[in-house]
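According to numbering that gives the first Met the number 0, the stretch in the sequence shown is residues 0 to 219, in order.
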Amino acid sequence: MGRTKYSAEERKAVASSFIKATAGIIATDGMNDVSIRKVAAQAGYSSATLYLYFEDLSELVKLASVSYLRDYVKDLQPQALEGKPNKERYLITWDVFCDHAFANPSVFMQLFFGYNARPLGDVVKEYYSIFPRELDDIDGTMLTMLTRGSLIDRNMAVLQPLADELGFDTRTRTLVNELTVASFRDHLQRACDENLTSEQSQQMKASFMDAAEFLLECGA
0 MGRTKYSAEE RKAVASSFIK ATAGIIATDG MNDVSIRKVA AQAGYSSATL YLYFEDLSEL
60 VKLASVSYLR DYVKDLQPQA LEGKPNKERY LITWDVFCDH AFANPSVFMQ LFFGYNARPL
120 GDVVKEYYSI FPRELDDIDG TMLTMLTRGS LIDRNMAVLQ PLADELGFDT RTRTLVNELT
180 VASFRDHLQR ACDENLTSEQ SQQMKASFMD AAEFLLECGA
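Below, the structure is given as structure tokens:
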């Protein structure tokens with residue numbers, strides 16, 4: 000009889016093949032060209048095998064998109080934030096995030112706002128259970144940011160010290176957080192729709208950064 004079971008490491012290797020194939024298609028052809036058949040063919044397995052590892056294409060695309068977060072965290076080095084005032088730390092975090100998001104808007108839209116039944120934090124943890132070596136040069140502070148869940152949660156973690164400094168009450172802090180993320184989503188959707196040049200991406204980032212700073216001023 001043929002072999003029917005794989006070891007845990009072999010299953011990770013198969014899942015890794017599908018994720019890498021998906022990431023490759025996104026990088027070369029774009030998000031819209033990802034399909035079950037195309038991913039399976041590039042990974043060297045059948046479509047039926049793919050469904051043994053992933054619930055649907057959305058889950059696979061979200062897993063493949065996680066690698067873009069690591070590039071963001073690598074650029075947001077801890078030493079760039081150390082010793083800076085809370086407001087500057089907060090705005091730098093968004094500034095670097097926007098550089099990556101507006102350069103790859105469809106990826107970040109899918110990652111943070113695309114449909115998926117599983118929380119983003121769970122998806123990120125699964126990705127790094129398959130690719131643990133990608134965490135080798137990430138320190139503790141950045142690791143916490145990397146593995147956090149939704150953008151609302153991520154932003155609140157950075158906003159909290161500044162909100163305390165500015166004297167925001169709970170309602171104000173929540174509103175500033177939610178409106179900032181909503182503004183970012185609107186800018187990101189426009190970036191997806193308009194196929195921006197590099198210069199336009201920088202203009203879009205500047206527009207969002209103005210909005211983020213304005214919301215802080217309104218809260219204060």
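A virtual CB, placed ideally from N, CA and C, is assigned to each residue, including glycine.
To the nearest angstrom, how far is the alpha carbon of tyrosine 52 from that of alanine 14? As a first step, residue 52 is located in the sequence shown; it is residue number 53 there, counting from the start. As a first step, residue 14 is located in the sequence shown; it is residue number 15 there, counting from the start. Approximately 6 Å, taken between the alpha carbons.
Helix, strand or coil for tyrosine 114? Go by DSSP, reduced to three states. Counted from its first residue, the sequence shown places residue 114 at position 115. Per DSSP, reduced to three states, the secondary structure at tyrosine 114 is coil, with no helix or strand assignment.
Thinking C-beta only, is leucine 195 closer than 8 Å to alanine 208? To locate residue 208, count along the sequence shown from 1; it is residue 209. To locate residue 195, count along the sequence shown from 1; it is residue 196. Reading off the sequence shown, one finds methionine at residue 208, where the question assumed alanine. In this structure, leucine 195 does not lie closer than 8 Å to methionine 208 by Cβ.
For arginine 2, count the other beta carbons within 10 Å of its own beta carbon; 16 or more makes it buried, fewer makes it exposed. Which is it? Residue 2 sits at position 3 when you count from the first residue of the sequence shown. In this prediction, arginine 2 has a pLDDT of 43, which is less than 50 and means its spatial position is unreliable; nothing more can be read from the coordinates.
Is there contact between the stretch 57-73 and the stretch 160-178, where contact requires at least three CB pairs shorter than 8 Å? Taking 8 Å as the limit for Cβ pairs, the verdict is that the stretch 160-178 does not touch the stretch 57-73.
For leucine 178, which residues from the same chain have a beta carbon less than 6 Å from its beta carbon, with the 5 sequence-adjacent residues on both sides left out? Here the question's residue 178 lines up with position 179 in the sequence shown. Once the five neighbours on either side are set aside, the close Cβ partners of leucine 178 are Leu214.
First and last residue of the alpha helix (DSSP H) that includes lysine 83? For this step, residue 83 is matched to residue 84 along the sequence shown. Unbroken run through lysine 83: none, as it is neither H nor E.
Determine the direct distance from the alpha carbon of lysine 37 to that of serine 57, and round the result to whole angstroms. The count along the sequence shown starts at 1 and reaches residue 57 at position 58. The count along the sequence shown starts at 1 and reaches residue 37 at position 38. Approximately 14 Å, taken between the alpha carbons.
Between which residues of its own chain and glycine 92 is the CB-CB distance below 7 Å, once the five residues before and five after are set aside? Here residue 92 refers to the residue found at position 93 of the sequence shown. The displayed chain sequence assigns threonine, not glycine, to residue 92. Cβ neighbours of threonine 92 beyond the five flanking positions: Leu75 and Val157.
Exposure of asparagine 31, with buried meaning 16 or more beta-carbon neighbours within 10 Å: Taking the sequence shown and counting its residues from 1, one reaches residue 31 at position 32. It counts as exposed.
Which first and last residues belong to the alpha helix (DSSP H) in which phenylalanine 207 is found? In the sequence shown, residue 207 corresponds to position 208, counting from 1. Taken as a continuous stretch (DSSP letters only), the alpha helix (DSSP H) holding phenylalanine 207 covers 197-218.
Of all the options Ala181, Ser45 and Met155, which has the alpha carbon lying nearest to the alpha carbon of asparagine 220? Residue 220 falls outside the range modelled here, since the chain spans only 0 to 219, and no answer is possible.
Candidates Ile35, Ala7, Pro118 and Gly82: which alpha carbon is nearest leucine 150's? In the sequence shown, counting from the first residue as 1, residue 150 sits at position 151. If we check each option's Cα against that of leucine 150, Pro118 comes out closest.
Exposure of glutamine 109, with buried meaning 16 or more beta-carbon neighbours within 10 Å: Position 110 of the sequence shown holds residue 109. Burial call: buried.
Option nearest leucine 49 by Cα separation, candidates Val106, Ser16 and Gly23: Here residue 49 refers to the residue found at position 50 when the sequence shown is read from its first residue. It is Ser16 whose Cα lies nearest to the Cα of leucine 49.
Using three-state DSSP, classify threonine 146 as helix, strand or coil. What you label residue 146 is simply residue 147 of the sequence shown in a count that begins at 1. Three-state DSSP puts threonine 146 in coil, outside helix and strand.
Cα-Cα, which of Ile129, Ala181 and Asp185 is closest to alanine 7? Translated into the one-based positions of the sequence shown, residue 7 becomes position 8. Ranking the options by Cα distance to alanine 7, first place goes to Ile129.
Taking only the alpha-carbon atoms, compute the straight-line gap between valine 106 and arginine 153 and give it to the nearest angstrom. For the purposes of this step, residue 106 is taken as the residue at position 107 of the sequence shown. For the purposes of this step, residue 153 is taken as the residue at position 154 of the sequence shown. Rounded to the nearest angstrom, the two C-alpha atoms are 17 Å apart.
Inter-residue spacing [alpha-carbon to alpha-carbon] between lysine 83 and glutamate 216: As a first step, residue 83 must be located in the sequence shown, where it is residue number 84. As a first step, residue 216 must be located in the sequence shown, where it is residue number 217. Answer to the nearest angstrom: the Cα atoms are 19 Å apart.
Using 8 Å as the threshold, is the C-beta distance between valine 175 and phenylalanine 183 below it? Looking up residue 175 in the sequence shown gives position 176. Looking up residue 183 in the sequence shown gives position 184. No; because the gap between Cβ atoms is not below 8 Å, this pair is not in contact.
Between the C-alpha atoms of arginine 88 and leucine 161, what's the straight-line distance to the nearest angstrom? For the purposes of this step, residue 88 is taken as residue 89 along the sequence shown, with counting starting at 1. For the purposes of this step, residue 161 is taken as residue 162 along the sequence shown, with counting starting at 1. Roughly 9 Å between the two C-alpha positions.
Residue interval of the alpha helix (DSSP H) (run including glutamate 177): Your numbering for residue 177 matches position 178 in the sequence shown. Element bounds for glutamate 177: 169-193.
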